[in-house]
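Remarks on the structure that follows.
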Amino acid sequence: MADKRADSGVGSAADIDNHGSDSDSTEEPVVGNVNKFAVVPPNYSGKPKKGHLIFDACFESGNLGRVDYITETEYDLFIRPDTCNPRFRVWFNFTVENVKADQRVIFNIVNFSKTKSLYRDGMTPMIKSTSRPKWVRIPGKYVYYYRCPDHRKNYVMSFAFIFDREDEVYQFAYCYPYSYTRLQNYLDNLEKRNYDFFTRELLCLTVQQRRLDLLTIASPDLQASDNEKLKTVLITARVHPGETPSSFVCQGVIDFLVSSHPIAKILREHLVFKIVPMLNPDGVYLGNYRCSLMGFDLNRHWQEPSPWAHPTLYATKNLLMELDRNQQHDMDFYIDLHAHSTLMNGFMYGNIYDDMDRYEKQSVFPRLLCGNAEDFSLTNTNFNRDAVKAGTGRRTLGSCLDESHCYTLEVSFFSYQTNTTGQSMPYTEEGYMKLGRNLARTFLDYYKLMGYISAKPSSSIVPKPSGQPPNRRDRGAIDRALSEPFGRSQGDSNCNNRLDRRDERNGRKSSDFASNNPSNSYSDMPSSLRLQRDGRRL
């Protein structure tokens with residue numbers, strides 16, 4: 001499969017420059033996106049005919065650096081590396097047009113920088129088209145991920161596809177895109193609702209002068225109160241621009257917190273939520289996978305962020321430190337939202353502390369979240385102090401904020417196995433947002449358990465003993481929440497008390513928060529184009 005020919009450079013984009021990496025999989029340099037580039041056969045001259053595919057990635061969050069013509073049905077595709085950093089080549093997002101009806105093709109993405117991938121576990125690329133704007137996954141039987149001898153034994157992802165409609169523009173992506181412009185439109189619409197409990201501020205501008213937004217969600221009466229310190233939660237997302245699922249999770253959190261749900265009202269009356277929904281706007285806009293405009297992995301620079309090189313981190317860390325010093329605020333939680341490219345489900349990373357009481361208390365929240373979200377895995381959840389993670393937000397802020405619980409929440413790019421049945425379910429946009437809603441609701445469980453919130457309706461999965469005063473901290477309940485060790489199998493997970501069941505008691509149908517798996521509306525692939533793993537060719 002995906003073998004290289006002497007003339008494979010014919011039809012490759014002319015505006016591509018240098019590219020290097022410690023794991024190079026390309027013979028020629030790759031910089032910049034293809035721009036309405038027509039791929040034609042060798043020695044062909046004249047205007048492209050119908051069926052001569054035109055590739056484009058010169059749009060927001062687009063990424064495709066080069067296309068090589070192999071045969072009239074096969075093309076090698078090269079991911080453009082992150083700007084100023086050739087090490088990272090994972091995210092792709094491009095369009096194809098000028099197709100013929102029922103034209104059959106095989107695309108080989110040949111220069112992934114990571115060998116471990118969910119493609120080995122059944123993940124497939126996303127596809128949509130002009131008349132079918134809803135993203136769906138290409139059926140798994142037409143996708144192969146394999147080590148290719150013709151590309152320095154690097155891993156290649158090949159997939160077969162039929163362009164079933166002639167005048168369509170087809171778009172392919174690594175995962176559901178979530179662009180900077182989409183976020184801005186979403187926040188603009190929220191502002192227009194004029195909620196008295198919602199404020200949007202400009203925290204800073206990026207290197208390319210894009211907005212770093214800070215959202216505050218809390219009851220105005222709570223913020224005006226001088227009686228006690230305000231329990232404050234900070235949530236951030238998209239420090240790694242290619243990890244688009246984190247934006248859907250973050251939107252799920254926001255949607256729930258501004259909703260009229262009784263639990264959301266209680267949370268707003270007791271807690272202050274600070275949310276930075278996109279930490280790396282430039283990287284998102286440029287179609288990078290991991291880095292900023294200047295090639296920095298921002299999640300390794302939290303210790304000493306530079307105001308000119310890492311302005312978004314600098315501003316966010318200063319905000320956190322100011323809140324921590326503020327006598328009115330009690331910084332209780334920091335949660336950084338990410339997506340994971342090799343593991344299933346949602347799960348958390350936490351820190352290891354010498355203070356055993358703090359270490360034990362930080363184990364409570366993941367267990368409560370497991371009880372609320374069927375896609376959350378305690379098996380994958382772990383706490384560590386790896387040196388390689390020293391510059392991350394979780395590690396750095398965990399050492400700076402003495403009393404705060406600092407986590408990374410990861411969610412799979414692909415799918416989850418349910419705690420009850422073990423069935424594998426691919427994530428959808430709605431599925432990611434559902435995890436965000438359940439994350440937000442878990443704060444009620446936590447603060448009821450700690451005796452800080454005593455209001456109904458109850459969302460706690462650990463009931464308090466009868467007769468106990470509601471404002472006393474239930475140490476026995478905490479001990480019970482800590483009674484089972486991490487690392488058990490999914491099937492043994494004791495997380496059957498689901499929030500969606502409580503929704504029914506509160507007048508909301510469980511299906512309101514259900515993930516809808518879209519059916520594939522594209523033509524089923526005929527056997528004549530199925531990939532055959534014969535070592536080299538299709």
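The C-terminal residue of the sequence shown carries number 538 in UniProt numbering, and the numbering is unbroken.
Even for Gly, the Cβ is constructed at its ideal location relative to N, Cα and C.
On a predicted model such as this, the values are computed, not experimentally measured, just so you know.
Quiz prompt | Cα-Cα separation, Gln251 to Gly295 | solution = In the sequence shown, the residue the question calls residue 251 occupies position 251. In the sequence shown, the residue the question calls residue 295 occupies position 295. Roughly 27 Å between the two C-alpha positions.
Quiz prompt | Contact check, Asn384 vs Tyr359, beta carbons under 8 Å | solution = In the sequence shown, counting from the first residue as 1, residue 384 sits at position 384. In the sequence shown, counting from the first residue as 1, residue 359 sits at position 359. Not closer than 8 Å, so no.
Quiz item: Taking the C-alpha atoms as reference points, what is the distance between Gly422 and Tyr416?
Solution: Taking the first residue of the sequence shown as position 1, residue 422 is located at position 422. Taking the first residue of the sequence shown as position 1, residue 416 is located at position 416. Roughly 9 Å separates the two Cα atoms.
Exercise. Leaving aside the five residues before and after Gln171 along the sequence, list all residues of the same chain whose C-beta is less than 6 Å from its C-beta, in chain order.
Key: Here residue 171 refers to the residue found at position 171 of the sequence shown. Thr95, Lys128.
Practice problem: Report all residues from its chain with a CB closer than 7 Å to the CB of Met123; omit the five preceding and five following residues, and keep chain order. | Solution: Within the sequence shown, residue 123 is the residue found at index 123, counting from 1. Excluding positions up to five away in sequence, the list reads Phe413, Phe414.
Quiz item: Is it true that the region 229-238 meets the region 273-282, where meeting means three or more beta-carbon pairs spaced less than 8 Å apart?
Solution: yes
Exercise. Kindly confirm or deny that the region 85-100 and the region 282-291 touch, where touching means at least three C-beta pairs closer than 8 Å.
Key: yes
Self-check item: 8 Å contact criterion, which Asp255 and Arg437 should meet: CB distance rounded
Solution: In the sequence shown, counting from the first residue as 1, residue 255 sits at position 255. In the sequence shown, counting from the first residue as 1, residue 437 sits at position 437. So it is a contact: roughly 7 Å between Cβ atoms.
Quiz item: Which term fits Asp402, buried or exposed, when burial requires 16 or more other beta carbons within 10 angstroms of its beta carbon?
Solution: Locating residue 402 in the sequence shown gives position 402, counting from the first residue. Answer is exposed; the Cβ neighbour count stays below 16.
Self-check item: Nearest residue (CA-CA) to Glu429, options Asn85, Cys175, Val110
Solution: As a working note, residue 429 is residue 429 in the sequence shown. The option with the nearest alpha carbon to Glu429 is Cys175.
Quiz item: Is DSSP giving Arg210 helix, strand or coil here?
Solution: Your numbering for residue 210 matches position 210 in the sequence shown. Arg210: coil per DSSP, three-state reduction.
Self-check item: Spatially closest choice to Glu72 from Tyr44, Ile79, Pro81, by CA coordinates
Solution: Walking along the sequence shown from the start, residue 72 turns up at place 72. Nearest C-alpha to Glu72: Tyr44.
Quiz item: What are the complete beta strand (DSSP E) segments, minimum 3 residues, inside the region 296-335?
Solution: none
Self-check item: Under the three-state DSSP convention, the category Asn93 falls into
Solution: By 1-based counting over the sequence shown, the position of residue 93 is 93. Strand.
Quiz item: What do you reckon, are the CB atoms on Ala218 and Arg165 nearer than 8 Å?
Solution: By 1-based counting over the sequence shown, the position of residue 218 is 218. By 1-based counting over the sequence shown, the position of residue 165 is 165. The answer is no: Cβ separation not under 8 Å.
Quiz item: Along the chain, where does the beta strand (DSSP E) that runs through Arg147 open and close?
Solution: Indexing the sequence shown from 1 puts residue 147 at position 147. Looking at the DSSP string, the run of the beta strand (DSSP E) that includes Arg147 is 143-147.
Exercise. Using the DSSP secondary-structure output, state which residues sit across from Lys274 in a beta bridge.
Key: Looking up residue 274 in the sequence shown gives position 274. Thr216, Leu234.
Exercise. Rounded to whole angstroms, what's the CA-CA distance from Ile162 to Pro177? Just pull it up for me.
Key: Here residue 162 is taken as the residue at index 162 of the sequence shown, counted from 1. Here residue 177 is taken as the residue at index 177 of the sequence shown, counted from 1. Those two C-alpha atoms are separated by around 22 Å.
Exercise. Going by CA-CA distance only, name the one from Glu322, Arg182, Lys47 that's closest to Ile98.
Key: By 1-based counting over the sequence shown, the position of residue 98 is 98. Here residue 98 is Asn; the residue named in the question, Ile, does not match the sequence. For Asn98, the nearest C-alpha among the options comes from Lys47.
Quiz item: Does DSSP classify Val31 as helix, strand or coil?
Solution: Residue mapping note: residue 31 aligns to position 31 of the sequence shown, counting from 1. Of the three classes helix, strand and coil, the one that applies to Val31 here is coil, per DSSP.
Quiz item: Does DSSP classify Gln362 as helix, strand or coil?
Solution: Here residue 362 corresponds to residue number 362 of the sequence shown, with the count starting at 1. Residue state, collapsed to three classes: coil.
Self-check item: Helix, strand or coil at Leu203 according to DSSP, with G and I counted as helix
Solution: Stepping through the sequence shown from its first residue, residue 203 is reached at position 203. If DSSP states are grouped into helix, strand and coil, Leu203 belongs with the strands.
Quiz item: Per DSSP, what kind of secondary structure is Val253 in: helix, strand or coil?
Solution: Taking the first residue of the sequence shown as 1, we reach residue 253 at position 253. Three-state result, Val253: helix.
Self-check item: Assigned secondary structure, Gly431 (DSSP; H/G/I helix, E/B strand, else coil)
Solution: Along the sequence shown, one-based indexing puts residue 431 at 431. Gly431 falls in the helix class under three-state DSSP.
Self-check item: Ala237 at chain D interface by Cβ criterion, 8 Å
Solution: No chain D appears in the structure shown, which is made up of a single protein chain.
Quiz prompt | Counted within 10 angstroms of its Cβ, other Cβ atoms place Thr312 as buried (16 or more) or exposed | solution = Mapped onto the sequence shown, residue 312 falls at position 312. Counting Cβ neighbours within 10 Å, Thr312 comes out buried, since at least 16 surround it.
Self-check item: Closest Cα partner of Glu191 within the set Thr206, Thr216, Ile335, Leu444
Solution: The residue labelled residue 191 in the question sits at position 191 within the sequence shown. Cα-wise, what sits closest to Glu191 is Thr216.
Self-check item: Close-in-space but distant-in-sequence residues of the same chain around Tyr407 (CB under 8 Å, 5 per side omitted)
Solution: As a position in the sequence shown, residue 407 is number 407, starting the count at 1. Same-chain partners within the cutoff: Phe333, Tyr334, Ile335, Asp336, Met348, Tyr349, Gly350, Gln362, Phe365, Pro366, Arg394.
Self-check item: For His151, three-class secondary structure by DSSP
Solution: One-based indexing of the sequence shown puts residue 151 at position 151. Helix, per DSSP.
Quiz item: What residue from Asp297, Gly140, Tyr195, Asp82 has the CA that sits closest to Asn63's CA?
Solution: To locate residue 63, count along the sequence shown from 1; it is residue 63. The option with the nearest alpha carbon to Asn63 is Asp82.
Self-check item: Three-state secondary structure assigned by DSSP to Lys448
Solution: Residue mapping note: residue 448 aligns to position 448 of the sequence shown, counting from 1. Helix, per DSSP.
Exercise. Using alpha carbons as the reference points, say which of Ile263, Leu222, Asp330, Phe273 lies closest to Arg200.
Key: By one-based count along the sequence shown, residue 200 stands at place 200. The shortest Cα separation from Arg200 among Ile263, Leu222, Asp330, Phe273 belongs to Phe273.
Quiz item: How is Ser37 classed by DSSP in three states: helix, strand or coil?
Solution: As a first step, residue 37 must be located in the sequence shown, where it is residue number 37. Reading off the sequence shown, one finds Phe at residue 37, where the question assumed Ser. Phe37: strand per DSSP, three-state reduction.
Exercise. Pull up the distance between the alpha-carbon of Val39 and that of Lys389, whole angstroms please.
Key: Position 39 of the sequence shown holds residue 39. Position 389 of the sequence shown holds residue 389. Their backbone Cα atoms lie some 43 Å apart in a straight line.
Quiz item: Of the residues Tyr195, Leu234, Gln223, Thr206, which one's Cα is nearest the Cα of residue 539?
Solution: There is no way to answer for residue 539, as the model of the chain reaches only from 1 to 538.
Exercise. Check whether the region 367-376 touches the region 435-453, counting contact only when three or more Cβ pairs, one atom from each stretch, lie closer than 8 Å.
Key: yes
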